[in-house]
Amino acid sequence: MLNFLGQRILQLIPTLFFVSLLIFSLQHLLPGDPALVMAGEERDPAVIEQIRQQYKLDQPIPIQYAYWVKGVLSGDLGESLRIKVPVLQLIAQKLPVTMQVASMAIVIAFLIGIPAGIISAVKKGTAWDYGANLFALWGISTPNFWLGIMLIFLFSVELGWLPASGYVPLSENWRASLASTIMPAFVLGNAIAAILMRHTRNAMLQVLESDYVRTARAKGLSERSVILKHAMRNALTPVITLGALELGTLLSGAVLTEQIFSIPGFGKLIVDAVFNRDYAVVQGVVLTTATIYITLNLIADIAYVLVNPRLRA
Amino acid sequence: MTDAALGAIKLANADELESPARRALRRLFKRKGAVVGLVVIAVFILLAVFAPLISPYEPTATSWSLVRKPPSTLHWFGTDDLGRDILARIIYGARASLLAGAISVGIALSIGVPLGLLSGYRGGWIDALISRMTDAMLACPFLILAIALAAFLGPSLGNAMIAIGISATPIFVRLTRGQVMSVKVEDYVEAARAMGNPRWRIALFHILPNIMPALLVQATLSAAAAIIAEAALSFLGLGQQPPAPSWGSMLNAAQRFLTNAPWMAVWPGLAIFLVVLSFNLVGDGLRDALDPRER
Numbered sequence: 001m002l003n004f005l006g007q008r009i010l011q012l013i014p015t016l017f018f019v020s021l022l023i024f025s026l027q028h029l030l031p032g033d034p035a036l037v038m039a040g041e042e043r044d045p046a047v048i049e050q051i052r053q054q055y056k057l058d059q060p061i062p063i064q065y066a067y068w069v070k071g072v073l074s075g076d077l078g079e080s081l082r083i084k085v086p087v088l089q090l091i092a093q094k095l096p097v098t099m100q101v102a103s104m105a106i107v108i109a110f111l112i113g114i115p116a117g118i119i120s121a122v123k124k125g126t127a128w129d130y131g132a133n134l135f136a137l138w139g140i141s142t143p144n145f146w147l148g149i150m151l152i153f154l155f156s157v158e159l160g161w162l163p164a165s166g167y168v169p170l171s172e173n174w175r176a177s178l179a180s181t182i183m184p185a186f187v188l189g190n191a192i193a194a195i196l197m198r199h200t201r202n203a204m205l206q207v208l209e210s211d212y213v214r215t216a217r218a219k220g221l222s223e224r225s226v227i228l229k230h231a232m233r234n235a236l237t238p239v240i241t242l243g244a245l246e247l248g249t250l251l252s253g254a255v256l257t258e259q260i261f262s263i264p265g266f267g268k269l270i271v272d273a274v275f276n277r278d279y280a281v282v283q284g285v286v287l288t289t290a291t292i293y294i295t296l297n298l299i300a301d302i303a304y305v306l307v308n309p310r311l312r313a
Numbered sequence: 001m002t003d004a005a006l007g008a009i010k011l012a013n014a015d016e017l018e019s020p021a022r023r024a025l026r027r028l029f030k031r032k033g034a035v036v037g038l039v040v041i042a043v044f045i046l047l048a049v050f051a052p053l054i055s056p057y058e059p060t061a062t063s064w065s066l067v068r069k070p071p072s073t074l075h076w077f078g079t080d081d082l083g084r085d086i087l088a089r090i091i092y093g094a095r096a097s098l099l100a101g102a103i104s105v106g107i108a109l110s111i112g113v114p115l116g117l118l119s120g121y122r123g124g125w126i127d128a129l130i131s132r133m134t135d136a137m138l139a140c141p142f143l144i145l146a147i148a149l150a151a152f153l154g155p156s157l158g159n160a161m162i163a164i165g166i167s168a169t170p171i172f173v174r175l176t177r178g179q180v181m182s183v184k185v186e187d188y189v190e191a192a193r194a195m196g197n198p199r200w201r202i203a204l205f206h207i208l209p210n211i212m213p214a215l216l217v218q219a220t221l222s223a224a225a226a227i228i229a230e231a232a233l234s235f236l237g238l239g240q241q242p243p244a245p246s247w248g249s250m251l252n253a254a255q256r257f258l259t260n261a262p263w264m265a266v267w268p269g270l271a272i273f274l275v276v277l278s279f280n281l282v283g284d285g286l287r288d289a290l291d292p293r294e295r
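Quick mapping for you: the protein sequence lines, in order, are chains X and L.
By the working numbering, the letter at position 233 of the first sequence is numbered 233, and the numbering carries on one by one without gaps.
By the working numbering, the letter at position 246 of the second sequence is numbered 246, and the numbering carries on one by one without gaps.
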């Protein structure tokens, strides 16, 4: 296990190096003089000089990269050009908001996706199966920003049940907080529920054909006990680890969902930064997302080995 | 031997004589979902190509007397906040969406497949280098990477397609590499090598044709993802620039008028949904039709 862990962490080093290279090189995609483009409307030579200093743009590219990495490693992701706040501080402010919506989305996804996948596999070829597959197709094909707009139209404009936009922190008023986040959480959870449903269905179908399930049935166990105690437990292990990897979908989805529902989270931060040409924030958000994704990937791998005794040797 | 048995032998021979592509097509056309998907995609392609002939109005023609009019016999889908005909904008908007699907996937294929072939076939340090670069790109969620690239490249439909194409590339590198790894140990590749074929020839003429089915399925599903991504980037103002029509930017404008002009949000969303659903249906159908286990 320690060997596996060591190998897995060693593999991360080159990946993280390339992630840093990728994110650093983004600023060199800017057409023309990066300092001028970053300054935007601002033509004050002092501001342009400050940008040049901040990004070490007067130095050769490898030196610029070395400075940037040095900053990142010491927790300095730069400063927002517009609001003059350290990028790390901005991210630390916004991340908990996204995490609240994301955790609600994951709960919704598991509550819909897993039962739908199990029913679809157990009742293969029936109307239930077709219904669940249609749901999955719908979930995968619906653009989440359209679903968000349609939910606002139905539940806020027509029925007046939920607020159309805005965010109330959990600590302030939990009811209002849930009301302000339930629609975005559903929009995010819907797409992941569809993916989880497909994974669960495939895993269950495979397990239901295995010898130990046949043995359990031959012993005369009730179908309910065979499915819930024997099949489901084994089928769900890979599904749960795969579910952890859907974080990428979740964070991608958060960008548009937070924009539509005006939720001041991580996703809205990157969109606002793009509009304000606040490139340090864009880089910081991408770097944080990639780091979270890589860490979760590692945890999922370790969890998979831990719960699967055959891989532990 | 009975007649039934003879019939079975004849059928088996007929199946063997059929070319793999023809067999896949026959199986694809047996799947209702895939056929519906193909028809819908064909309709949208026709709409995009013949937009000037089909569209009832100019997509950019504004009229202050027609601002936010609900659907009627004159304007089937209603009009938008500048009095433009929504149906005309949906028809012309199909161009941006389908073009984004095709070009982005084209970019991803033309970078991803050669890199995947090189990585899987050569192995060694080249494989390690390409694989780690792929891991790094996969660590950045698809849409976030596309938004970041589009933001740095500058807002335009062309740059959005490049950004989406680059963001979709690592999936093709990984898929091609995996497929090459499993195919390169097959006897026919071994035989081609024994005959003295150069490496590039083996990769291009012996390995590539055999991994095409998997690439075709992924390309179809990636086209669906690219269309959603283009709509998302245009929604954020990073794709097609106004006044040129795009389904994503139409949805953005619609959001401000949900209370008094909800039809503005219904049609572009429905168009994106239909096209993406169709690509997904065809992708799923192709996956089943090309699966050798399902003969």
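Built from N, CA and C at the ideal position, the CB exists for glycine as well.
Please read all numbers here as calculations on a predicted model, not as lab measurements.
Quick one: measure Cβ to Cβ for P242/L and A254/L, integer angstroms, because I've assumed they're closer than 8 Å.
One-based indexing of the second sequence puts residue 242/L at position 242. One-based indexing of the second sequence puts residue 254/L at position 254. Their Cβ separation, rounded to whole angstroms, is 13 Å, which puts P242/L and A254/L out of contact at 8 Å.
Can you list, in chain order, the residues of the segment 113-146 of chain X whose Cβ is nearer than 8 Å to any Cβ on chain A?
Protein chains X and L are contained in the structure displayed, whereas chain A is not.
May I ask you to list, following chain order, the residues of the segment 259-275 of chain L that have a beta carbon less than 7 Å from some beta carbon of chain X?
Within the segment 259-275 of chain L, the qualifying residues are T259, P262, A265, G269, I272 and F273.
From A51/L, A194/L and F142/L, pick the residue whose C-alpha is nearest to that of L250/X; which is it?
The residue you call residue 250/X lines up with position 250 of the first sequence. Ranking the options by Cα distance to L250/X, first place goes to F142/L.
Skipping 5 residues on each side, what residues in its chain have a beta carbon closer than 7 Å to that of A146/L?
As a working mapping, residue 146/L is identified with position 146 in the second sequence. Here the set comprises A163, I164, S167, A229 and L233.
In angstroms, rounded to a whole number, what distance separates the CA positions of V123/L and P262/L?
Translated into positions along the second sequence, residue 123/L becomes position 123. Translated into positions along the second sequence, residue 262/L becomes position 262. Residue 123/L is actually Gly in this sequence, not Val. Cα-Cα distance, rounded: 55 Å.
Report the neighbours of F29/L on chain X: residues whose CB is nearer than 9 Å to its CB, in chain order.
Mapped onto the second sequence, residue 29/L falls at position 29. Near F29/L there are no residues of chain X at all, since even the closest Cβ is about 19 Å away, more than 9 Å.
Between A88/L, A194/L and P170/L, which has its C-alpha nearest L53/L's C-alpha?
Residue numbering aside, residue 53/L sits at position 53 when the second sequence is read from its first letter. Of A88/L, A194/L and P170/L, the residue nearest in Cα terms is A88/L.
Of all the options L30/X, F17/X and L2/X, which has the alpha carbon lying nearest to the alpha carbon of Y279/X?
Stepping through the first sequence from its first residue, residue 279/X is reached at position 279. Per the Cα distances, L30/X.
Strictly below 9 Å CB to CB, what residues from chain L border I83/X?
As a first step, residue 83/X is located in the first sequence; it is residue number 83 there, counting from the start. Within chain L, no residue comes near I83/X; the closest Cβ sits about 17 Å away, beyond 9 Å.
How do the segment 9-25 of chain X and the segment 129-142 of chain L stand: do at least 3 beta-carbon pairs fall below 8 Å, yes or no?
Yes: the two stretches touch, three or more of their Cβ pairs being nearer than 8 Å.
Quick one: residues in its chain with C-beta nearer than 6 Å to the C-beta of A235/X, no 5 flanking neighbours on either side, listed in chain order?
As a working mapping, residue 235/X is identified with position 235 in the first sequence. Once the five neighbours on either side are set aside, the close Cβ partners of A235/X are A203, M204 and V207.
Is it the case that the segment 89-103 of chain X contacts the segment 263-273 of chain X, given that we only count it when at least three CB pairs across the two stretches are under 8 Å?
Segments in contact, yes.
As a quick exercise: from A34/L, I130/L and E18/L, pick the residue whose alpha carbon is nearest that of R287/L.
The residue given as residue 287/L occupies position 287 in the second sequence. Of the candidates A34/L, I130/L and E18/L, the one whose C-alpha sits nearest the C-alpha of R287/L is A34/L.
Keeping to the same chain, check which residues put their C-beta closer than 8 Å to that of L298/X; ignore five residues upstream and five downstream.
In the first sequence, the residue the question calls residue 298/X occupies position 298. Closer than 8 Å at the Cβ level, and outside the excluded window around L298/X, lie R8, I9 and L12.
Mark E79/X as exposed unless 16 or more other C-beta atoms lie within 10 angstroms of its C-beta, in which case mark it buried.
As a working mapping, residue 79/X is identified with position 79 in the first sequence. E79/X comes out buried.
My output table needs one value for T62/L: the three-state DSSP class, helix, strand or coil.
Within the second sequence, the letter at position 62 stands for residue 62/L. Of the three classes helix, strand and coil, the one that applies to T62/L here is coil, per DSSP.
Quick one: what's got a C-beta closer than 8 Å to V183/L's C-beta in the same chain, skipping five residues either side?
Here residue 183/L corresponds to residue number 183 of the second sequence, with the count starting at 1. Around V183/L: V189, I207, N210 and I211.
According to the Cβ coordinates, are A193/X and G265/X closer than 8 Å?
Counting from 1 along the first sequence, the entry for residue 193/X is found at position 193. Counting from 1 along the first sequence, the entry for residue 265/X is found at position 265. Against a cut-off of 8 Å, the Cβ pair of G265/X and A193/X comes out as no contact.
Looking at the structure shown, is D211/X part of a helix, part of a strand, or coil, going by DSSP?
Position 211 of the first sequence, counted from the first residue, corresponds to residue 211/X. DSSP places D211/X in helix when its eight states are reduced to three.
I'd like to know whether the C-beta atoms of G116/L and T176/L end up nearer to each other than 8 Å.
Sequence index remark: in the second sequence, residue 116/L carries index 116 (1-based). Sequence index remark: in the second sequence, residue 176/L carries index 176 (1-based). Contact flag set, yes.
Is the CB of P238/X under 8 Å away from at least one CB in chain L?
Within the first sequence, numbered from 1, the residue matching residue 238/X stands at position 238. So, not an interface residue.
Of the choices V40/L, W76/L, P70/L and L46/L, whose alpha-carbon is the least far from that of Y57/L?
Residue 57/L sits at position 57 when you count from the first residue of the second sequence. Among V40/L, W76/L, P70/L and L46/L, the Cα nearest to that of Y57/L is on W76/L.
Would you mind stating whether A132/X and S141/X have Cβ atoms separated by less than 8 Å?
Stepping through the first sequence from its first residue, residue 132/X is reached at position 132. Stepping through the first sequence from its first residue, residue 141/X is reached at position 141. Not closer than 8 Å, so no.
Does the Cβ-Cβ distance between A179/X and P169/X come in under 8 Å?
Here residue 179/X refers to the residue found at position 179 of the first sequence. Here residue 169/X refers to the residue found at position 169 of the first sequence. No.
Using 10 angstroms around the beta-carbon of K94/X, count the other beta-carbons present and answer buried if the total reaches 16, otherwise exposed.
Numbered from 1 along the first sequence, position 94 holds the residue referred to as residue 94/X. That one is buried.
Could you tell me the distance, in whole angstroms, from the CA atom of M250/L to the CA atom of S156/L?
Indexing the second sequence from 1 puts residue 250/L at position 250. Indexing the second sequence from 1 puts residue 156/L at position 156. Computed Cα separation, rounded: 16 Å.
Please determine, among P34/X, I152/X, S25/X and T241/X, the residue with the shortest C-alpha to C-alpha distance to W68/X.
On the first sequence, residue 68/X is found 68 positions in, with the first residue counted as 1. When each option's Cα is compared against that of W68/X, the closest is S25/X.
In angstroms with no decimal places, state the Cα-to-Cα distance between M1/L and L242/X.
What you label residue 1/L is simply residue 1 of the second sequence in a count that begins at 1. What you label residue 242/X is simply residue 242 of the first sequence in a count that begins at 1. Low confidence applies to M1/L: its pLDDT is 47, below 50, so where it sits in the model is not reliable, and the reading given next is rough at best. The alpha-carbon atoms of M1/L and L242/X are separated by roughly 53 Å.
L238/L and A151/L look like a contact to me (Cβ under 8 Å); what is the Cβ gap, rounded to whole Å?
To locate residue 238/L, count along the second sequence from 1; it is residue 238. To locate residue 151/L, count along the second sequence from 1; it is residue 151. Indeed they touch by this definition, with Cβ atoms about 6 Å apart.
Answer yes or no: do T181/X and V122/X have a C-beta to C-beta separation smaller than 8 Å?
Reading the first sequence from its first residue, position 181 is the one you call residue 181/X. Reading the first sequence from its first residue, position 122 is the one you call residue 122/X. Contact flag unset, no.
Which residues of chain L have a Cβ atom closer than 8 Å to the Cβ of P184/X, listed in chain order?
Mapped onto the first sequence, residue 184/X falls at position 184. The premise fails here: P184/X is roughly 14 Å from chain L at the closest Cβ pair, so nothing lies under 8 Å.
How should P45/X be labelled, buried or exposed, when 16 other C-beta atoms within 10 angstroms of its C-beta is the threshold for buried?
Counting from one through the first sequence, the residue named residue 45/X turns up at place 45. Flag for P45/X reads exposed.
Taking one C-beta from the segment 217-237 of chain X and one from the segment 138-155 of chain X each time, how about it: are there three or more such pairs within less than 8 Å?
At 8 Å Cβ cutoff, the stretches do not touch.
Tell me, to the nearest whole angstrom, how far the beta carbon of A136/X is from that of M197/X; I am working on the premise that it is less than 8 Å.
Position 136 of the first sequence, counting from 1, holds the residue named residue 136/X. Position 197 of the first sequence, counting from 1, holds the residue named residue 197/X. That belief holds up - the Cβ atoms of A136/X and M197/X are roughly 5 Å apart, short of 8 Å.
Is P86/X helix, strand or coil by DSSP?
Here residue 86/X refers to the residue found at position 86 of the first sequence. Note: P86/X maps to strand in three-state DSSP.
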